[in-house]
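Shown next, in structure tokens, is the structure this report addresses.
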Amino acid sequence: MLALVAGLIALASALASVRRAWLVASATELDGQGALDLLGRDDGARYVPALRRLCDAEPRAEWERELFHALDERDAERRTALVNEQLTELGYRLDRWASVPRVCARVSSSGAFLLATLVLRRGLVDVEALPSDLTDLLLGGLIGQAITVVALGLVGTTFCVAVHKQVAAYARTQRQAMHEAVERLEALVAARLEGGA
Numbered sequence: 095m096l097a098l099v100a101g102l103i104a105l106a107s108a109l110a111s112v113r114r115a116w117l118v119a120s121a122t123e124l125d126g127q128g129a130l131d132l133l134g135r136d137d138g139a140r141y142v143p144a145l146r147r148l149c150d151a152e153p154r155a156e157w158e159r160e161l162f163h164a165l166d167e168r169d170a171e172r173r174t175a176l177v178n179e180q181l182t183e184l185g186y187r188l189d190r191w192a193s194v195p196r197v198c199a200r201v202s203s204s205g206a207f208l209l210a211t212l213v214l215r216r217g218l219v220d221v222e223a224l225p226s227d228l229t230d231l232l233l234g235g236l237i238g239q240a241i242t243v244v245a246l247g248l249v250g251t252t253f254c255v256a257v258h259k260q261v262a263a264y265a266r267t268q269r270q271a272m273h274e275a276v277e278r279l280e281a282l283v284a285a286r287l288e289g290g291a
């Protein structure tokens with residue numbers, strides 16, 4: 095029974111960590127590096143209208159639409175402030191649930207050790223009343239159950255730590271690429287607005 099509880103704790107921890115990964119992966123519809131590669135070309139300005147149309151057509155690209163709305167501002171100071179607000183929003187989106195995988199790893203391992211202790215405690219309550227042959231058998235079974243409980247917890251912990259490491263690296267990369275892409279996009283739009291004024 096306690097092994098089942100340990101398995102459920104590990105599963106819940108893993109699912110919460112996967113949710114964190116999904117939140118980071120869906121923070122923006124644009125891939126930061128892809129946008130940066132496109133906009134960083136010598137003819138990057140010609141891709142801005144197409145990029146905007148793509149974002150307008152995608153219902154989930156709300157952050158990107160707000161970014162383009164901010165870039166439409168003619169006043170340079172106001173445009174910079176609005177773009178910085180969108181970059182702050184991007185940071186929030188990439189940092190949502192950032193500590194959840196670490197917390198889940200702790201819960202999974204701590205819960206497993208607690209449950210393993212309960213397995214051993216429950217089994218050792220009346221051990222003195224048994225003959226020595228049965229005592230050896232009982233202790234062997236208890237240790238096996240406790241190891242199973244701890245192993246389930248450690249599987250959950252390992253999964254959560256792996257998700258945390260991978261998602262943190264992806265979030266850093268995406269944040270850096272998006273900042274550079276937005277900077278490039280802002281320069282291209284500013285040049286267009288100043289040229290048209």
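In the working numbering, the protein residues as written are 95 to 291. Yeah, the Cβ is synthetic: ideal placement off N, Cα and C, and Gly gets one too.
Specify the secondary structure class of residue i as computed by DSSP and reduced to three states.
{"i": "Asp299", "result": "The displayed coordinates of the chain run from 95 to 291. Any statement about residue 299 would go beyond what the structure contains."}
{"i": "Asp227", "result": "helix"}
{"i": "Trp191", "result": "coil"}
{"i": "Ala121", "result": "coil"}
{"i": "Asp169", "result": "coil"}
{"i": "Ala155", "result": "coil"}
{"i": "Leu109", "result": "helix"}
{"i": "Met95", "result": "coil"}
{"i": "Gly134", "result": "coil"}
{"i": "Leu214", "result": "helix"}
{"i": "Val243", "result": "helix"}
{"i": "Val255", "result": "helix"}
{"i": "Val324", "result": "Nothing about residue 324 can be reported from this structure: the residues present for the chain run from 95 to 291 only."}
Shortest alpha-carbon distance to residue i belongs to which of the options?
{"i": "Ala108", "options": "Arg140, Thr267, Phe253 and Arg266", "result": "Phe253"}
{"i": "Leu282", "options": "Ala245, Leu145 and Pro153", "result": "Leu145"}
{"i": "Trp116", "options": "Glu222, Gln260, Arg215 and Gly128", "result": "Gln260"}
{"i": "Glu179", "options": "Pro225, Glu160, Leu96 and Ser193", "result": "Glu160"}
{"i": "Thr182", "options": "Glu280, Arg278 and His273", "result": "His273"}
{"i": "Val112", "options": "Gln270, Thr251, Gly289 and Glu288", "result": "Thr251"}
{"i": "Ala119", "options": "Val257, Gly289 and Glu277", "result": "Val257"}
{"i": "Val94", "options": "Ala271, Ala245, Thr267 and Val255", "result": "The structure shown does not extend to residue 94, since the chain spans only 95 to 291, so no value can be given for it."}
{"i": "Val87", "options": "Phe207, Leu233, Glu280 and Leu236", "result": "Nothing about residue 87 can be reported from this structure: the residues present for the chain run from 95 to 291 only."}
{"i": "Val255", "options": "Val194, Gly234, Ile241 and Ala284", "result": "Val194"}
{"i": "Arg215", "options": "Pro225, Asp136 and Gln239", "result": "Gln239"}
{"i": "Thr267", "options": "Ala129, Ala110, Arg196 and Gly101", "result": "Ala129"}
{"i": "Ala192", "options": "Ala265, Gly101 and Gly289", "result": "Ala265"}
{"i": "Leu184", "options": "Glu288, Gly289, Met95 and Ala271", "result": "Ala271"}
{"i": "Gly289", "options": "Arg135, Ala151, Ala139 and Asp131", "result": "Ala139"}
Does the separation of the CB atoms of residue i and residue j fall below 7 Å?
{"i": "Ala275", "j": "Gly126", "result": "yes"}
{"i": "Gly247", "j": "Gly217", "result": "no"}
{"i": "Leu188", "j": "Arg114", "result": "no"}
{"i": "Glu97", "j": "Val219", "result": "The residue you asked about is not Glu; residue 97 is Ala in the sequence shown. No, Cβ-Cβ distance for Ala97 and Val219 is not below 7 Å."}
{"i": "Arg286", "j": "Leu133", "result": "no"}
{"i": "Ala110", "j": "Cys198", "result": "yes"}
Could one say the Cβ of residue i lies closer than 7 Å to chain B's Cβ atoms, at least one of them?
{"i": "Leu161", "result": "Among the chains of the structure shown, chain B does not appear; only one protein chain is present."}
Is the number of C-beta pairs between the region 151-169 and the region 209-229 that are closer than 8 Å three or more? no
Between the region 149-164 and the region 173-182, do at least 3 Cβ pairs fall closer than 8 Å? yes
Taking 8 Å as the threshold, find out whether the region 118-133 comes into contact with the region 147-157 through three or more Cβ pairs. yes
If you pair each beta-carbon of the region 99-107 with each one of the region 183-202, do three or more pairs fall below 8 Å? yes
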